[in-house]
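K.L.:
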């Protein structure tokens, strides 16, 4: 599960895109809405604009979020009421955990790709005229997506997997790719260091702590598989010792 967030100026254009029910390829379906008149896209946009007018100095009151799920999870989101309901439930939890409350929004599902996805449009000006903060939203978004992926048992894709064509990788690149993917998957499915150790062992991956010279203090971590070894920080920044401690707890 990933969420791509963009800040916009105009409600009209993004509402027409998200809820484009005339486009046969998209086959957009309005799954949920709050605080807007949903008779037409124009009235939806007008509803957003009216509330945004409470804070005229805010020049970019629109937030557009593309919430996408892996094609591995397609069976979880069938094109029926059950699949739509789960998508809305997750989208609303994403909003809640991102601190997006008490404001107008629409959630529309598209059907133009192999992976299930929906589009969320919400008003940064809430129902009381307060501006919803987007401070550190990229960091918070990544954390929330990981949390919800685990909570709902969704497929956890290795980082940058979409950009990789494994058949084109050189042998040393392929070994690094496979090792990184395996360790990232182990991290995603672990709640403690013991979990992490156990999963890695099952995957045939050895882990080694690197200590400062003449000291017991751990300064790094390395992973090895099939005689190929690399420092966690060089595999991925989320696999550095400090990052793993932040996720799994201190040693």
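Numbering (the numbering used here), first residue to last: 1 to 251.
We treat Cβ as the ideally placed atom computed from N, Cα and C, and that holds for glycine.
Please classify residue 50: is it buried, with 16 or more other beta-carbons within 10 angstroms of its beta-carbon, or exposed?
P.N.:
With fewer than 16 other Cβ atoms within 10 Å, it is exposed.
K.L.:
Should residue 42 be labelled buried (16 or more other beta-carbon atoms within 10 Å of its own) or exposed?
P.N.:
Exposed.
K.L.:
What do you get for residue 15, buried or exposed, if any count of 16 or more other CB atoms within 10 angstroms of its CB means buried?
P.N.:
Buried, by the Cβ-count rule.
K.L.:
Classify residue 206 as helix, strand or coil using the three-state DSSP reduction.
P.N.:
Residue 206: strand per DSSP, three-state reduction.
K.L.:
On the criterion of 16 or more Cβ atoms from any shown chain inside 10 Å, does residue 210 qualify as buried, or is it exposed?
P.N.:
It is exposed - the Cβ of residue 210 has fewer than 16 other Cβ atoms within 10 Å.
K.L.:
Just reading off the beta strand (DSSP E) that residue 33 is part of, what are its end residues?
P.N.:
29-34 is the extent of the beta strand (DSSP E) around residue 33.
K.L.:
Distance, Cα to Cα, residue 58 vs residue 109?
P.N.:
One C-alpha to the other measures close to 28 Å.
K.L.:
So is residue 173 buried or exposed if we call it buried at 16+ other beta carbons inside 10 Å?
P.N.:
The residue in question, residue 173, is exposed, as its Cβ has fewer than 16 Cβ neighbours within 10 Å.
K.L.:
Are residue 117 and residue 68 close, meaning C-beta to C-beta below 9 Å?
P.N.:
Yes, these two residues count as a Cβ contact at 9 Å.
K.L.:
In the DSSP output, which residue or residues are listed as bridge partners for residue 109?
P.N.:
Partner(s): 29, 118.
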